[in-house]
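Heads up: the structure comes next, in structure tokens.
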Amino acid sequence: MLEISNLACSRGDHLLFSDLNFSLSAGDLLQVQGANGSGKTSLLRTLCGFMMPATGEIRWRGQNVRELGDAFYAEMIYLGHLNAIKDELNALENLRISAGLAGCRVDDRQVIAALRRMGLRGRETLPVKVLSQGQRRRVALARLLLSNAPLWILDEPLTALDVGAVGLMQELIGEHLVNNGMVIYTTHQPLEVVGIATRWLALS
Amino acid sequence: MNKLSLIGLLSLVIRRDLVLAMRRRADVLTTLIFFVIVVSLFPLGVGPEMDMLRKMAPGVVWVAALLASMLSLGRMFSADYLDGTLEQMMLVPQSLSILVLAKILAHWMVSGLPLVIMAPVLGLQFDMSAQALWVLIAALLLGTPILSMIGAVGAALTLGLRGGGALVSLLVLPLCIPVLVFGAGAVEAVVSGTSVSSHLSLLGALLVIALVFTPWVTALALRISME
Numbered sequence: 208m209l210e211i212s213n214l215a216c217s218r219g220d221h222l223l224f225s226d227l228n229f230s231l232s233a234g235d236l237l238q239v240q241g242a243n244g245s246g247k248t249s250l251l252r253t254l255c256g257f258m259m260p261a262t263g264e265i266r267w268r269g270q271n272v273r274e275l276g277d278a279f280y281a282e283m284i285y286l287g288h289l290n291a292i293k294d295e296l297n298a299l300e301n302l303r304i305s306a307g308l309a310g311c312r313v314d315d316r317q318v319i320a321a322l323r324r325m326g327l328r329g330r331e332t333l334p335v336k337v338l339s340q341g342q343r344r345r346v347a348l349a350r351l352l353l354s355n356a357p358l359w360i361l362d363e364p365l366t367a368l369d370v371g372a373v374g375l376m377q378e379l380i381g382e383h384l385v386n387n388g389m390v391i392y393t394t395h396q397p398l399e400v401v402g403i404a405t406r407w408l409a410l411s
Numbered sequence: 044m045n046k047l048s049l050i051g052l053l054s055l056v057i058r059r060d061l062v063l064a065m066r067r068r069a070d071v072l073t074t075l076i077f078f079v080i081v082v083s084l085f086p087l088g089v090g091p092e093m094d095m096l097r098k099m100a101p102g103v104v105w106v107a108a109l110l111a112s113m114l115s116l117g118r119m120f121s122a123d124y125l126d127g128t129l130e131q132m133m134l135v136p137q138s139l140s141i142l143v144l145a146k147i148l149a150h151w152m153v154s155g156l157p158l159v160i161m162a163p164v165l166g167l168q169f170d171m172s173a174q175a176l177w178v179l180i181a182a183l184l185l186g187t188p189i190l191s192m193i194g195a196v197g198a199a200l201t202l203g204l205r206g207g208g209a210l211v212s213l214l215v216l217p218l219c220i221p222v223l224v225f226g227a228g229a230v231e232a233v234v235s236g237t238s239v240s241s242h243l244s245l246l247g248a249l250l251v252i253a254l255v256f257t258p259w260v261t262a263l264a265l266r267i268s269m270e
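First to last, the protein sequences are chains A and B.
Residues are numbered in this note's numbering as their position in the first sequence, beginning at 1, plus a constant of 207.
Residues are numbered in this note's numbering as their position in the second sequence, beginning at 1, plus a constant of 43.
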């Protein structure tokens, strides 16, 4: 479904990687590996369309994502280094807005269920600024539960999470893959999904 | 495919920005209080010469409104940029221009509209006639959204730059000169008894042009800033 061919990416004059080829089909889990500065985040941001690839093409369902535009964005969800949640709003409001922007119709019950699943029972209506770093990350990750996008692009999803939450994350990814989803992610922590063979993509 | 309607997206973003502004009321009040103080300093500084005050009133109110709107420009996108919300907004399966338009409208409601409401009260300090005050309100109502729109382009271009605050003023202030000229001109026209409608029509025309082009240009500038 997602095909990358001859992709090259540069930051300024510095070429990060070139001739990158891979494809992702339903049920695939792809981990992007590489040392700091090898271009993992740049690759994911290029997939999202924030950065223009120097050369090469990204195709989704056989069509170039640049031409697809909104149709591609409706089928993917990106979680970056930044949590994209507002300190002034509570977890419930944050998720309601981000789900609304993504075009998903969710009611409060679904949002609360998602937050409880992420282990935030009782924190639903607290302003996010009083939550800890790990709890904020959990709020951000709860967006994944409310979206029905098949492609998940996760940049270091496990930062600031405790062991329990890492386990939960593995469970979520497993469920998503069973439902014919696709996940591409970067991490420096071990992440193993039961019953799914992780594919690796090494950047150097 | 799930997709939000244009109106749905507009109202969602406007409501979100208004709720955020209400939770950070200090920011909203600084702009308004700055405007009130700057305008009030002139009668105190110039002294109680009514003729002089009446003559300078439109210019002073407009320049103060212009400076006050500069004050709030930095906030238009920077908070969203820093916490990653802007990234997510670019991934919304809808045109970014519409989203930008919603943000501009919300910004105007929070930082422009209070100035319009406050202006007649401040005009009294300059002994402006009732008729002049009405024209002042009409001109500000047409002009302040243009300031927000031109400001949005500047704010988007300087996003993430160090010292962007001063730079945005340098970029935006010259572009706001036509608004200043026609806005203050409308009030001067009513005082001197000539036609007001030409000034207001020109302001209206500027508003329409800005409404069509600035959200699109701002969206392009934001995409460049995100790279």
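Using N, Cα and C, we set each Cβ at its ideal position, and we do this for glycine too.
Check: Quick one: what's L275 (chain A) bridged to in DSSP?
Finding: Your numbering for residue 275 (chain A) matches position 68 in the first sequence. In the DSSP output, where bridge partners are listed per residue, L275 (chain A) has none listed.
Margin query: Quick check: the Cα distance between V103 (chain B) and F85 (chain B), rounded to an integer number of angstroms?
Written below: For the purposes of this step, residue 103 (chain B) is identified with residue 60 of the second sequence, where counting begins at 1. For the purposes of this step, residue 85 (chain B) is identified with residue 42 of the second sequence, where counting begins at 1. One C-alpha to the other measures close to 8 Å.
Margin query: In the DSSP assignment, the alpha helix (DSSP H) including C255 (chain A) goes from what residue to what residue?
Written below: If you number the first sequence from 1, residue 255 (chain A) lands on position 48. C255 (chain A) -> alpha helix (DSSP H) spans 247 to 255.
Notebook entry, point to check: Nearest to R67 (chain B) by alpha carbon, out of B:F256, B:L265, B:T237, B:R118?
Noted result: Along the second sequence, one-based indexing puts residue 67 (chain B) at 24. If we check each option's Cα against that of R67 (chain B), B:R118 comes out closest.
Next item on the list: Pull up the distance between the alpha-carbon of M44 (chain B) and that of A281 (chain A), whole angstroms please.
Entry: Here residue 44 (chain B) refers to the residue found at position 1 of the second sequence. Here residue 281 (chain A) refers to the residue found at position 74 of the first sequence. With a pLDDT of only 43 at M44 (chain B), under 50, the local geometry of the prediction cannot be trusted, and the value read off the model is given with reservation. Going from the Cα of M44 (chain B) to the Cα of A281 (chain A) covers about 7 Å.
Note to self: One question on the structure: do A64 (chain B) and V81 (chain B) come within less than 8 Å of each other, judged by their Cβ atoms?
What the structure shows: On the second sequence, residue 64 (chain B) is found 21 positions in, with the first residue counted as 1. On the second sequence, residue 81 (chain B) is found 38 positions in, with the first residue counted as 1. Cβ distance not < 8 Å, so A64 (chain B) and V81 (chain B) don't count as in contact.
Notebook entry, point to check: Roughly how many whole angstroms lie between the Cα atoms of V164 (chain B) and A175 (chain B)?
Noted result: To locate residue 164 (chain B), count along the second sequence from 1; it is residue 121. To locate residue 175 (chain B), count along the second sequence from 1; it is residue 132. Distance between the alpha carbons of V164 (chain B) and A175 (chain B): 12 Å.
Next item on the list: Please confirm whether T128 (chain B) and A199 (chain B) have their CB atoms less than 8 Å apart.
Entry: The sequence position of residue 128 (chain B) within the second sequence is 85, counting from 1. The sequence position of residue 199 (chain B) within the second sequence is 156, counting from 1. Their beta carbons are not under 8 Å apart, which means T128 (chain B) does not touch A199 (chain B) by this criterion.
Checklist line | Chain-ordered residues of the segment 251 to 272 of chain A with a beta carbon less than 9 Å from chain B | finding: R252, C255, G256, F257, M258, M259
Item checked: Minimum Cβ-Cβ distance from V401 (chain A) to chain B less than 8 Å -> By one-based count along the first sequence, residue 401 (chain A) stands at place 194. Not closer than 8 Å to any Cβ of chain B, the Cβ of V401 (chain A) fails to qualify, so no.
Check: Quick one: what's got a C-beta closer than 7 Å to A349 (chain A)'s C-beta in the same chain, skipping five residues either side?
Finding: For the purposes of this step, residue 349 (chain A) is identified with residue 142 of the first sequence, where counting begins at 1. Around A349 (chain A): L302, A321, L322, M325.
Notebook entry, point to check: Whose CA, out of B:V196, B:A173, B:M132, lies closest to the CA of A264 (chain B)?
Noted result: Translated into the one-based positions of the second sequence, residue 264 (chain B) becomes position 221. If we check each option's Cα against that of A264 (chain B), B:V196 comes out closest.
Check: Nearest-angstrom Cα distance between Q340 (chain A) and V346 (chain A)?
Finding: Position 133 of the first sequence, counted from the first residue, corresponds to residue 340 (chain A). Position 139 of the first sequence, counted from the first residue, corresponds to residue 346 (chain A). One C-alpha to the other measures close to 10 Å.
Item checked: Whole-number beta carbon distance between L308 (chain A) and A55 (chain B), since they are thought to touch under 8 Å -> Taking the first residue of the second sequence as 1, we reach residue 55 (chain B) at position 12. Taking the first residue of the first sequence as 1, we reach residue 308 (chain A) at position 101. Reading off the sequence, residue 55 (chain B) comes out as Leu, not Ala. Indeed they touch by this definition, with Cβ atoms about 7 Å apart.
Notebook entry, point to check: Any beta-carbon of chain B closer than 8 Å to the one on N290 (chain A)?
Noted result: Translated into positions along the first sequence, residue 290 (chain A) becomes position 83. Yes, because at least one Cβ of chain B sits closer than 8 Å to the Cβ of N290 (chain A).
Item checked: Euclidean distance between Cα positions of V318 (chain A) and M133 (chain B) -> Against the first sequence, residue 318 (chain A) aligns to sequence position 111. Against the second sequence, residue 133 (chain B) aligns to sequence position 90. Taking the straight line from one Cα to the other gives about 23 Å.
Notebook entry, point to check: Between the C-alpha atoms of T253 (chain A) and Y392 (chain A), what's the straight-line distance to the nearest angstrom?
Noted result: Position 46 of the first sequence, counted from the first residue, corresponds to residue 253 (chain A). Position 185 of the first sequence, counted from the first residue, corresponds to residue 392 (chain A). Taking the straight line from one Cα to the other gives about 13 Å.
Next item on the list: For M133 (chain B), go through chain A and note every residue whose CB falls closer than 9 Å to its CB, in chain order.
Entry: Here residue 133 (chain B) corresponds to residue number 90 of the second sequence, with the count starting at 1. Those are C255, G256, F257, Y280, listed as they occur along chain A.
Next item on the list: Could you confirm whether any beta carbon from chain A is found closer than 8 Å to the beta carbon of R68 (chain B)?
Entry: What you label residue 68 (chain B) is simply residue 25 of the second sequence in a count that begins at 1. It does not; no Cβ of chain A falls within 8 Å.
Next item on the list: Look at the Cβ atom of V159 (chain B), then the Cβ atom of V233 (chain B), and state whether they are nearer than 8 Å.
Entry: As a working mapping, residue 159 (chain B) is identified with position 116 in the second sequence. As a working mapping, residue 233 (chain B) is identified with position 190 in the second sequence. No, they are not a contact pair.
Next item on the list: Take Q131 (chain B) as the anchor and find which of A:A291, A:P364, A:V239 has the nearest alpha-carbon.
Entry: What you label residue 131 (chain B) is simply residue 88 of the second sequence in a count that begins at 1. Per the Cα distances, A:A291.
Margin query: My output table needs one value for H221 (chain A): the three-state DSSP class, helix, strand or coil.
Written below: Counted from its first residue, the first sequence places residue 221 (chain A) at position 14. Reduced to three states, the DSSP call for H221 (chain A) is strand.
Note to self: Quick check: the Cα distance between I267 (chain B) and S140 (chain B), rounded to an integer number of angstroms?
What the structure shows: In the second sequence, the residue the question calls residue 267 (chain B) occupies position 224. In the second sequence, the residue the question calls residue 140 (chain B) occupies position 97. So the alpha carbons of these two residues sit roughly 14 Å apart.
Next item on the list: Grab me the residues of S225 (chain A)'s own chain with a C-beta within less than 6 Å of its C-beta, minus the 5 sequence neighbours each way, in chain order.
Entry: The sequence position of residue 225 (chain A) within the first sequence is 18, counting from 1. Excluding sequence neighbours, S225 (chain A) sits near A215.
Notebook entry, point to check: To which residues of the same chain is L202 (chain B) closer than 6 Å at the C-beta, ignoring the five residues directly before and after it?
Noted result: Numbered from its first residue, the second sequence carries residue 202 (chain B) at position 159. Only F120, Y124, S268 meet the Cβ criterion.
Notebook entry, point to check: At what residues does the alpha helix (DSSP H) containing L239 (chain A) begin and finish?
Noted result: Along the first sequence, read from residue 1 onward, the residue named residue 239 (chain A) stands at position 32. The residue you asked about is not Leu; residue 239 (chain A) is Val in the sequence shown. Per DSSP, V239 (chain A) belongs to no alpha helix (DSSP H); it is in the beta strand (DSSP E), 236 to 240.
Item checked: 7 Å CB neighbourhood of S411 (chain A) in its chain, flanking five on each side removed -> Counting from one through the first sequence, the residue named residue 411 (chain A) turns up at place 204. Excluding positions up to five away in sequence, the list reads G241, S245.
Note to self: Just to confirm before moving on: does the CB-CB distance between N297 (chain A) and L333 (chain A) stay below 8 Å?
What the structure shows: Within the first sequence, the letter at position 90 stands for residue 297 (chain A). Within the first sequence, the letter at position 126 stands for residue 333 (chain A). The answer is yes: Cβ separation under 8 Å.
Item checked: For M44 (chain B), three-class secondary structure by DSSP -> Looking up residue 44 (chain B) in the second sequence gives position 1. Residue placement at M44 (chain B) cannot be trusted, given a pLDDT of 43 that sits under 50; what the coordinates show is reported in the next sentence. If DSSP states are grouped into helix, strand and coil, M44 (chain B) belongs with coil.
Notebook entry, point to check: Which of the residues in the segment 336 to 349 of chain A, read from start to end, lie with their CB under 7 Å from any CB of chain B?
Noted result: none
Next item on the list: Could you check if I265 (chain A) is buried or exposed, using at least 16 other CB atoms within 10 Å of its CB as the buried criterion?
Entry: Looking up residue 265 (chain A) in the first sequence gives position 58. So I265 (chain A) ends up on the buried side.
Notebook entry, point to check: Comparing the C-beta of E274 (chain A) with each C-beta of chain B, is any distance below 8 Å?
Noted result: Position 67 of the first sequence, counted from the first residue, corresponds to residue 274 (chain A). No - not a single Cβ of chain B is within 8 Å of the one on E274 (chain A).
Notebook entry, point to check: Nearest to D369 (chain A) by alpha carbon, out of A:P260, A:P397, A:N355?
Noted result: Within the first sequence, the letter at position 162 stands for residue 369 (chain A). The option with the nearest alpha carbon to D369 (chain A) is A:P397.
Check: With burial defined as no fewer than 16 other Cβ atoms inside 10 Å of the residue's Cβ, what is the status of N213 (chain A): buried or exposed?
Finding: Position 6 of the first sequence, counted from the start, is the residue given in the question as residue 213 (chain A). By the 10 Å Cβ count, N213 (chain A) comes out exposed.
Check: Between S115 (chain B) and T74 (chain B), is the Cβ-Cβ spacing less than 8 Å?
Finding: Numbered from 1 along the second sequence, position 72 holds the residue referred to as residue 115 (chain B). Numbered from 1 along the second sequence, position 31 holds the residue referred to as residue 74 (chain B). Contact: yes.
Margin query: Considering Cα atoms alone, identify which of A:V390, A:N271, A:I403, A:E399 is closest to L251 (chain A).
Written below: Sequence index remark: in the first sequence, residue 251 (chain A) carries index 44 (1-based). Ranking the options by Cα distance to L251 (chain A), first place goes to A:V390.
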